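Engineer: In my numbering, the protein residues as written are 1 to 333.
#1: So, helix, strand or coil for residue 270, using DSSP?
#2: Have a look at residue 245 and residue 175 and give me their C-alpha separation to the nearest angstrom.
#3: If you check the beta carbons only, do residue 262 and residue 75 fall under 9 angstroms apart?
#4: Applying the 10 Å Cβ sphere with the 16-neighbour rule, what's the burial state of residue 73?
#5: Identify every residue that forms a DSSP beta bridge with residue 308.
#6: Helix, strand or coil for residue 59? Go by DSSP, reduced to three states.
#7: In its own chain, which residues sit with a C-beta less than 6 angstroms from the C-beta of residue 78, not counting the 5 before and 5 after it?
#8: Can you tell me whether residue 209 is buried or exposed, with buried defined as 16 or more other CB within 10 angstroms of its CB?
#9: CB-CB under 6 angstroms to residue 200, same chain, minus the five flanking residues each way: which ones, in chain order?
#10: Would you report the Cα separation of residue 116 and residue 37, rounded to the nearest angstrom?
#11: Hey, residue 253 and residue 232 are a contact pair by Cβ (cut 8 angstroms); roughly how many whole angstroms apart?
#12: Nearest-angstrom Cα distance between residue 35 and residue 139?
#13: Who are residue 257's beta bridge partners in DSSP?
#14: Just the Cα atoms here: how many angstroms apart are residue 189 and residue 163?
#15: According to DSSP, is residue 333 helix, strand or coil?
#16: Tell me which residue opens and which closes the alpha helix (DSSP H) that residue 22 is part of.
#17: Is it right to say residue 71 is buried, meaning 16 or more other beta carbons lie within 10 angstroms of its own, or is it exposed?
#18: For residue 232, which three-state DSSP category applies?
#19: Between residue 129 and residue 25, is the Cβ-Cβ spacing less than 9 angstroms?
#20: Would you identify the three-state DSSP class for residue 292, choosing helix, strand or coil?
#21: Which same chain residues, not among the five before or five after residue 307, have their C-beta less than 8 angstroms away from its C-beta?
#22: Of the residues 204, 173 and 87, which one's Cα is nearest the Cα of residue 39?
#23: Here's the rule I'm using: 16 or more other beta-carbon atoms within 10 Å means buried, otherwise exposed. How should residue 178 be labelled?
#24: What do you reckon, are the CB atoms on residue 86 and residue 171 nearer than 9 angstroms?
#25: Residue 303 by DSSP, collapsed to three states: which one?
#26: Using a Cβ-Cβ cut-off of 8 angstroms (strictly less than) and excluding sequence neighbours within five positions of residue 142, which residues of its own chain qualify?
#27: Near residue 217, which residues of its chain fall below 6 angstroms by C-beta distance, leaving aside the five closest residues on each side in sequence?
#28: Return the CA-CA distance between residue 227 and residue 167, expressed in angstroms with no decimal places.
#29: Excluding the five sequence neighbours on either side, which residues of its own chain have a C-beta within less than 8 angstroms of the C-beta of residue 192, listed in chain order?
#30: By DSSP's criteria, residue 176 is part of a beta bridge. Which residues make up the other side?
#31: Helix, strand or coil for residue 252? Go by DSSP, reduced to three states.
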């Protein structure tokens, strides 16, 4: 049990913050729905409950994925995060279904809700809180991508660097983007229904929120299904190829694999070197290159093997280094 709580300290912090915040928001919205019966408020309550449950799963999964390899599981637990996220999206999927069903009922058989002021106040507060979580998640996206920006960068520049964020951070960002957008949509629907009497708009808003939730479900499911199987990170393959070929001791790259393991990357490479090097020199070069690769973003495990240079060029698909990656890093002394 003590190991479990120790691992929790290394869990994804944005997901924990988002989970706690969405729990508070879900309680607020649930109370408001109880007193008003507003369908748009019901949709937002389901959305926040789904997000909170999902993000608690993500936090625990990200923590457990950092558990050290054991004799029974020698490859470690990195992909456990992908499996947890696959399970977590089922919760959001169920909530999305309930949201759409309730929205359809309101759309086809509109019922006037009570407590207009309560709905507006609660939704306004929820939008502010959800935007705060979105902003924090955006900052974490930029941090994990190694990118600096101005005060608005977390909600502008972060979109272009989502592919470099950890799976848990990416999920929190996407969920709270949808949550903030859904809150604004629900608020607009409540205002229109109150001032125009067009009650069906609340049902339409509920359906739209449910569909946005389903989008997150499909996006997260597909990404983590690939991660659970073991997906190559093409950008980091190119990045590490640059790192290796820039070193004077490397003649060529024969093989290079960079596989996502949850939040981290596993790297295996076979490198061609000068066949005249002594065993000691080759051993020192192997250690140096391993440390160089380990110092790159998100790399947690590396295996470097050597082969004698045969005079042929094997690595021919080196492309221009993408701007979305951080600068090349040197290993710490």
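In this text, a Cβ means the ideal position worked out from N, Cα and C, and glycines have one as well.
Keep in mind the model is a prediction, meaning the values are calculated, not measured.
Structural biologist: A quick look at the data gives this:
#1: Counting from 1 along the chain shown, the entry for residue 270 is found at position 270. In the three-state reduction of the DSSP assignment, residue 270 falls in the strand class, which pools E and B.
#2: Here residue 245 refers to the residue found at position 245 of the chain shown. Here residue 175 refers to the residue found at position 175 of the chain shown. Taking the straight line from one Cα to the other gives about 39 angstroms.
#3: Mapped onto the chain shown, residue 262 falls at position 262. Mapped onto the chain shown, residue 75 falls at position 75. Not a contact, by the Cβ cut-off of 9 angstroms.
#4: If you number the chain shown from 1, residue 73 lands on position 73. When all chains shown are included, residue 73 counts as exposed.
#5: Numbered from its first residue, the chain shown carries residue 308 at position 308. Looking at the DSSP assignment, residue 308 forms a beta bridge with 273.
#6: Counted from its first residue, the chain shown places residue 59 at position 59. Helix, per DSSP.
#7: Working through the chain shown from its first residue, we reach residue 78 at position 78. Cβ within range, chain order: 65, 261, 262 and 264.
#8: For the purposes of this step, residue 209 is taken as residue 209 along the chain shown, with counting starting at 1. Under this definition residue 209 is a buried residue.
#9: For the purposes of this step, residue 200 is identified with residue 200 of the chain shown, where counting begins at 1. Closer than 6 angstroms at Cβ, skipping near neighbours: 107 and 110.
#10: As a position in the chain shown, residue 116 is number 116, starting the count at 1. As a position in the chain shown, residue 37 is number 37, starting the count at 1. Computed Cα separation, rounded: 10 angstroms.
#11: Walking along the chain shown from the start, residue 253 turns up at place 253. Walking along the chain shown from the start, residue 232 turns up at place 232. About 15 angstroms separates the two Cβ atoms, so there is no contact after all.
#12: Your numbering for residue 35 matches position 35 in the chain shown. Your numbering for residue 139 matches position 139 in the chain shown. Approximately 36 angstroms between the Cα atoms of the pair.
#13: For the purposes of this step, residue 257 is taken as the residue at position 257 of the chain shown. By DSSP's assignment, residue 257 forms a beta bridge with 268.
#14: On the chain shown, residue 189 is found 189 positions in, with the first residue counted as 1. On the chain shown, residue 163 is found 163 positions in, with the first residue counted as 1. The alpha-carbon atoms of residue 189 and residue 163 are separated by roughly 33 angstroms.
#15: The residue labelled residue 333 in the question sits at position 333 within the chain shown. With a pLDDT of 47 at residue 333, under the threshold of 50, the modelled position of this residue cannot be trusted, and the question is left open.
#16: What you label residue 22 is simply residue 22 of the chain shown in a count that begins at 1. Segment 13-36, the alpha helix (DSSP H) holding residue 22.
#17: In the chain shown, counting from the first residue as 1, residue 71 sits at position 71. The residue is exposed, with fewer than 16 neighbouring Cβ atoms inside 10 Å.
#18: Indexing the chain shown from 1 puts residue 232 at position 232. Looking at residue 232 - three-state DSSP - the assignment turns out to be strand.
#19: Walking along the chain shown from the start, residue 129 turns up at place 129. Walking along the chain shown from the start, residue 25 turns up at place 25. In this structure, residue 25 lies closer than 9 angstroms to residue 129 by Cβ.
#20: Position 292 of the chain shown, counting from 1, holds the residue named residue 292. In the structure shown, residue 292 sits in a helix (DSSP, three-state: H, G or I).
#21: Numbered from 1 along the chain shown, position 307 holds the residue referred to as residue 307. Here the set comprises 254, 270, 271, 272 and 273.
#22: Counted from its first residue, the chain shown places residue 39 at position 39. Of the candidates 204, 173 and 87, the one whose C-alpha sits nearest the C-alpha of residue 39 is 204.
#23: Here residue 178 refers to the residue found at position 178 of the chain shown. With 16 or more other Cβ atoms within 10 Å, it is buried.
#24: For the purposes of this step, residue 86 is taken as residue 86 along the chain shown, with counting starting at 1. For the purposes of this step, residue 171 is taken as residue 171 along the chain shown, with counting starting at 1. Annotated as distal: residue 86 and residue 171, with beta-carbon spacing of 9 angstroms or more.
#25: Residue 303 sits at position 303 when you count from the first residue of the chain shown. Here residue 303 sits in strand by DSSP.
#26: Taking the first residue of the chain shown as position 1, residue 142 is located at position 142. Within its own chain, the residues whose Cβ lies closer than 8 angstroms to the Cβ of residue 142, once the five positions on either side in sequence are excluded, are 148, 149, 153, 154, 157, 158 and 161, listed in chain order.
#27: By one-based count along the chain shown, residue 217 stands at place 217. Counting only Cβ-Cβ distances below 6 angstroms, and skipping sequence neighbours, we find 89, 92 and 93.
#28: As a working note, residue 227 is residue 227 in the chain shown. As a working note, residue 167 is residue 167 in the chain shown. Taking the straight line from one Cα to the other gives about 9 angstroms.
#29: Taking the chain shown and counting its residues from 1, one reaches residue 192 at position 192. Closer than 8 angstroms at Cβ, skipping near neighbours: 198 and 201.
#30: To locate residue 176, count along the chain shown from 1; it is residue 176. DSSP lists no partner for residue 176.
#31: Here residue 252 refers to the residue found at position 252 of the chain shown. Under the three-state reduction of DSSP output, residue 252 falls in the strand class.
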